[in-house]
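Protein chains in written order, with the numbering used here: chain A, 62 to 497; chain B, 5 to 262.
Structure follows, in structure tokens:
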């Protein structure tokens with residue numbers, strides 16, 4: 062085996078020009094693959110961060126209230142009772158925060174823009190409030206009644222600045238339409254698509270006044286845990302426990318569904334019931350409408366992986382096929398001095414495998430290093446930043462990405478060398494004489 | 005024959021000159037001026053009139069809007085009925101007490117709105133057609149005088165009082181010597197200019213209740229600073245006479261369409 066390895070290495074060095082070209086191609090393809098995987102992971106992390114900051118906790122206990130079957134509001138009328146049931150089930154290290162939900166049209170002058178409303182418990186949120194990136198003003202000021210924080214996109218469309226007044230128009234729980242003048246106290250940084258779709262932040266008290274909710278009501282109780290990954294929480298398991306406990310406490314609980322609360326409003330409105338229903342969702346449910354972005358990036362990763370594999374296999378196949386033809390004398394001589402067919406196959410496969418492993422390893426490692434250097438350093442155009450949830454290129458390279466790229470390239474190289482190796486092994490010792 | 009002025013009278017006259025001059029120069033305070041502006045434009049009688057608006061957008065698109073305005077200033081009721089364009093006809097705005105409602109005739113919907121919101125999709129606000137209540141809503145600061153083409157105009161800077169619902173957080177007014185507003189600029193709380201109005205002409209009316217003369221806008225030119233939209237607002241067919249007590253109700257406006 063050591064002898065074969067020596068011969069393979071020597072052949073690689075002997076055919077330096079071809080080897081270097083293949084080395085560069087495989088390294089580049091592996092590097093691109095690592096880059097795409099880093100981007101995919103970075104977007105996923107940023108997306109979860111933004112979703113759990115704006116829309117959702119790791120787990121949410123929300124609800125829908127229908128005064129009559131033809132109206133619906135995303136609110137839990139008696140939040141204290143729901144809190145009493147779920148609070149003992151909240152894992153250590155997590156907190157149960159109260160948020161409000163709704164939809165409103167914000168207006169200033171002749172400009173109008175519709176968006177989802179996120180209501181905050183300004184005093185109770187604590188450190189979570191700092192996860193919102195504020196461009197101007199201060200979110201703490203939302204504690205004052207009749208104030209609003211708008212996303213950069215919404216503030217731009219309404220042509221307002223901090224200190225200006227805007228008007229929020231909405232439909233109340235009873236189906237009437239209400240309006241409230243609010244002072245703009247903060248403008249948040251862009252948060253991807255959520256800046257556009259959930260760009261109105263108010264306090265819970267302001268939302269209650271706007272939507273006509275009674276004191277003690279809440280849009281949703283969210284289980285918020287430290288860290289982006291939620292501390293390895295089994296959210297689906299915990300959601301099941303929450304549902305069972307709420308049912309035992311006498312609440313009508315909606316079945317689990319992979320949909321955000323806003324997407325459930327229309328289907329539920331068509332249902333004939335009235336009263337309160339409680340709904341337990343995970344952060345993945347609430348971000349289901351963003352699934353097309355992760356699906357798109359996953360498809361891109363698969364595509365780049367396939368292209369990498371094809372490049373590696375085609376390159377090595379062509380290169381080794383030419384090598385077999387050029388090295389007929391050498392192979393015939395080796396066979397004449399007693400080398401087995403299996404050893405010839407092994408020699409060529411080892412050559413391909415070595416080239417694949419070393420070049421992809423180096424390319425992937427360099428790409429990972431470049432990704433680390435470029436992380437949050439490249440500004441994105443506005444259209445792209447919306448989909449990637451960040452103003453800068455969100456790259457999150459990891460050792461797993463390097464390993465995956467190396468394994469893929471090495472396996473591809475090994476597979477590509479099978480046929481040329483088999484051809485080489487089929488050469489007879491006489492072929493060395495024939496080639497003279 | 006020359007008459008001689010007695011010396012004591014001459015000295016007295018000399019002493020009185022600065023006093024009289026100071027008295028002549030003593031101008032009313034800014035808040036007092038604003039109160040006088042309100043008084044000159046306020047009426048005890050009910051009000052009805054037709055407002056015709058010609059809106060010209062920056063891209064050249066023109067829109068004509070016609071509304072009937074009904075006011076009862078004694079109870080602060082206000083009703084506006086859109087008559088043109090046809091697709092919006094029958095809709096309007098109704099204020100009962102402090103609640104302002106917008107009625108969409110096409111949908112039959114009532115929507116609560118605020119005095120800050122623009123009306124009929126234009127740059128005009130409900131406050132443009134309501135009674136003048138500058139003294140109630142604003143505190144004024146005198147910014148001195150400005151002479152334009154030989155005429156002295158008094159400049160006032162008004163800031164909204166806390167908890168008042170006004171279209172503009174700050175206003176700058178130019179008053180002519182007769183205390184008519186000739187120009188006003190509306191500002192956002194951040195200081196951004198929102199709208200500039202030029203009052204082109206006034207009409208003189210007589211309040212049938214108090215028999216006092218009052219003045220009322222006849223034509224106002226409004227320009228939005230941001231997008232350059234221009235509005236010419238004409239106040240026509242103004243009548244000061246008692247209105248039906250059932251007028252300021254939702255059902256009256258809904259009933260017009262039926």
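Each residue gets a CB set at the ideal place from its N, CA and C atoms; glycine is no exception.
Close Cβ partners of residue 28(B) (< 7 Å) along its chain, the five nearest in sequence each way excluded: Numbered from 1 along the second chain, position 24 holds the residue referred to as residue 28(B). For residue 28(B), the predicted model reports a pLDDT of 48, less than 50, meaning its position is unreliable; a value from the coordinates is still stated below. Short of 7 Å from the beta carbon of residue 28(B), and not among the five residues preceding or following it, lies no beta carbon of its own chain.
Count the other CB atoms, across all protein chains shown, that sit within 10 Å of the CB of residue 275(A); report buried if there are 16 or more and exposed otherwise. Residue 275(A) sits at position 214 when you count from the first residue of the first chain. By the neighbour-count criterion, in which 16 or more other beta carbons inside 10 Å mark a residue as buried, residue 275(A) falls on the exposed side.
Looking at C-alpha atoms only, which residue of 100(A), 491(A) and 329(A) is the closest neighbour of residue 357(A)? Taking the first residue of the first chain as 1, we reach residue 357(A) at position 296. When only C-alpha atoms are compared, the closest one is 100(A).
Just reading off the beta strand (DSSP E) that residue 164(B) is part of, what are its end residues? Along the second chain, one-based indexing puts residue 164(B) at 160. Boundaries of the beta strand (DSSP E) harbouring residue 164(B): 155-164, taken from the DSSP string.
Rounded straight-line distance, which links the Cα of residue 440(A) to that of residue 309(A): By one-based count along the first chain, residue 309(A) stands at place 248. By one-based count along the first chain, residue 440(A) stands at place 379. Taking the CA atoms as reference points, residue 309(A) sits about 51 Å from residue 440(A).
Would you tell me roughly how many angstroms separate the C-alpha atoms of residue 179(A) and residue 277(A), rounded to the nearest one? To locate residue 179(A), count along the first chain from 1; it is residue 118. To locate residue 277(A), count along the first chain from 1; it is residue 216. Going from the Cα of residue 179(A) to the Cα of residue 277(A) covers about 17 Å.
Is the stretch 112-119 of chain B close to the stretch 143-152 of chain B, with three or more CB pairs under 8 Å? With a cut-off of 8 Å, the stretch 143-152 of chain B and the stretch 112-119 of chain B do not count as touching, because too few Cβ pairs lie within range.
Report yes if the CB atom of residue 486(A) is closer than 8 Å to the CB atom of residue 431(A), and no otherwise. Here residue 486(A) corresponds to residue number 425 of the first chain, with the count starting at 1. Here residue 431(A) corresponds to residue number 370 of the first chain, with the count starting at 1. Residue 486(A) is not a Cβ neighbour of residue 431(A), given a cutoff of 8 Å.
Determine the chain A residues that contact residue 96(B) at a beta-carbon separation under 7 Å, and present them in chain order. Position 92 of the second chain, counting from 1, holds the residue named residue 96(B). Result: empty, since nearest Cβ-Cβ is about 15 Å, beyond 7 Å.
Which runs of the beta strand (DSSP E) at least 3 residues long sit entirely within the stretch 181-221 of chain B? Give them in chain order. Counting only runs that start and end inside the stretch 181-221 of chain B, the beta strand (DSSP E) elements of at least 3 residues fall at 185-191 and 197-210.
For residue 260(B), I'd like the list of residues in its chain whose CB is within less than 7 Å of its CB, leaving aside the five on either flank, ordered along the chain. Taking the first residue of the second chain as position 1, residue 260(B) is located at position 256. Result list for residue 260(B): 85 and 94, in chain order.
On the DSSP bridge list, what partners appear for residue 47(B)? Looking up residue 47(B) in the second chain gives position 43. Paired residues: none, contrary to the question.
Tell me whether the beta-carbon of residue 348(A) lies closer than 8 Å to the beta-carbon of residue 108(A). Start at 1 with the first residue of the first chain, and residue 348(A) comes out as number 287. Start at 1 with the first residue of the first chain, and residue 108(A) comes out as number 47. Yes, Cβ-Cβ distance for residue 348(A) and residue 108(A) is below 8 Å.
Since residue 443(A) is in the alpha helix (DSSP H), which residue starts that stretch and which ends it? Within the first chain, numbered from 1, the residue matching residue 443(A) stands at position 382. Element bounds for residue 443(A): 443-449.
CB contact check: residue 120(B) to chain A, cutoff 8 Å: Here residue 120(B) refers to the residue found at position 116 when the second chain is read from its first residue. Interface flag for residue 120(B) against chain A is set, since a Cβ pair is found closer than 8 Å.
Contacting residues, own chain, Cβ-Cβ under 8 Å from residue 190(A) (five flanking each side not counted): Numbered from its first residue, the first chain carries residue 190(A) at position 129. Apart from the 5 residues on each side of it in sequence, residue 190(A) sits with its Cβ closer than 8 Å to the Cβ of 181, 183, 200 and 201 in its chain, given in chain order.
Rounded straight-line distance, which links the Cα of residue 244(B) to that of residue 208(B): Within the second chain, residue 208(B) is the residue found at index 204, counting from 1. Within the second chain, residue 244(B) is the residue found at index 240, counting from 1. If I take the Cα positions, the gap works out to 12 Å.
Contact set for residue 166(A): own chain, Cβ-Cβ below 6 Å, skip 5 residues either direction: On the first chain, position 105 is the one that residue 166(A) refers to. Within the same chain, and ignoring the five residues on either side of residue 166(A) in sequence, the residues whose Cβ sits closer than 6 Å to its Cβ are 173, 175 and 230.
Please name the residue, chosen from 206(B), 247(B), 223(B) and 131(B), that lies closest to residue 190(B) on a Cα-to-Cα basis. What you label residue 190(B) is simply residue 186 of the second chain in a count that begins at 1. Of the candidates 206(B), 247(B), 223(B) and 131(B), 131(B) places its Cα closest to the Cα of residue 190(B).
So residue 240(A) contacts chain B; which residues on that side make the cut at Cβ distance below 8 Å? Numbered from its first residue, the first chain carries residue 240(A) at position 179. Chain B residues near residue 240(A): 115, 116, 117, 118 and 121.
Using the C-alpha atoms, what's the distance from residue 281(A) back to residue 455(A)? Translated into the one-based positions of the first chain, residue 455(A) becomes position 394. Translated into the one-based positions of the first chain, residue 281(A) becomes position 220. In a straight line, the C-alpha of residue 455(A) is about 30 Å away from that of residue 281(A).
For residue 289(A), which of helix, strand or coil comes out of DSSP? Reading the first chain from its first residue, position 228 is the one you call residue 289(A). Its pLDDT being 45, under 50, residue 289(A) is placed unreliably by the model, and nothing is read from it.
Contacts around residue 68(A), its chain only, beta-carbon distance under 7 Å, and the 5 residues preceding and following it disregarded: For this step, residue 68(A) is matched to residue 7 along the first chain. The answer, listed in chain order, is 408.
On the three-state DSSP scale, how would you describe residue 265(A)? Residue mapping note: residue 265(A) aligns to position 204 of the first chain, counting from 1. Helix, per DSSP.
From the DSSP output, in three-state form, read off residue 237(A) for me. Stepping through the first chain from its first residue, residue 237(A) is reached at position 176. Reduced to three states, the DSSP call for residue 237(A) is coil.
Residues bridged to residue 123(A) (per DSSP): What you label residue 123(A) is simply residue 62 of the first chain in a count that begins at 1. Residue pairing by DSSP places residue 123(A) opposite 281(A) and 340(A) in a beta bridge.
For residue 83(A), which residues in the same chain have their Cβ closer than 8 Å to its Cβ, ignoring the five residues on either side in sequence? The sequence position of residue 83(A) within the first chain is 22, counting from 1. Here the set comprises 376, 377, 380, 416 and 420.
Does the structure place the stretch 240-249 of chain A close enough to the stretch 154-164 of chain A that three or more beta carbon pairs sit under 8 Å? Taking 8 Å as the limit for Cβ pairs, the verdict is that the stretch 240-249 of chain A does not touch the stretch 154-164 of chain A.
Option in 229(B), 254(B), 59(B) and 171(B) with minimal Cα separation from residue 69(B): Numbered from its first residue, the second chain carries residue 69(B) at position 65. Taking residue 69(B) as reference, the option from 229(B), 254(B), 59(B) and 171(B) with the minimal CA-CA separation is 59(B).
Excluding the 5 residues flanking residue 91(A) on each side, which residues of the same chain have their C-beta closer than 6 Å to its C-beta? The residue labelled residue 91(A) in the question sits at position 30 within the first chain. So the qualifying residues of the chain are 421, 424, 425, 466 and 470.
How would you label residue 325(A), buried or exposed, when you count the other beta carbons within 10 angstroms and need 16 or more for buried? Numbered from its first residue, the first chain carries residue 325(A) at position 264. Buried: at least 16 other Cβ atoms inside 10 Å.
Among 255(B), 222(B) and 197(B), which has the Cα closest to the Cα of residue 228(B)? Position 224 of the second chain holds residue 228(B). Cα-wise, what sits closest to residue 228(B) is 197(B).
So is residue 174(B) buried or exposed if we call it buried at 16+ other beta carbons inside 10 Å? Here the question's residue 174(B) lines up with position 170 in the second chain. Per the 10 Å Cβ criterion, buried.
Quick one, which residues of the stretch 193-215 of chain B are near chain A if we go by CB-CB under 9 Å, in chain order? Contacts with chain A (Cβ-Cβ distance below 9 Å) from the stretch 193-215 of chain B involve 193, 194, 195, 196, 198 and 199, listed in chain order.
On the three-state DSSP scale, how would you describe residue 176(A)? The residue given as residue 176(A) occupies position 115 in the first chain. Residue state, collapsed to three classes: strand.
Continuous alpha helix (DSSP H) assignments of at least 4 residues falling wholly in the stretch 387-426 of chain A: Counting only runs of 4+ residues, the alpha helix (DSSP H) found wholly inside the stretch 387-426 of chain A occupies 389-397, in chain order.
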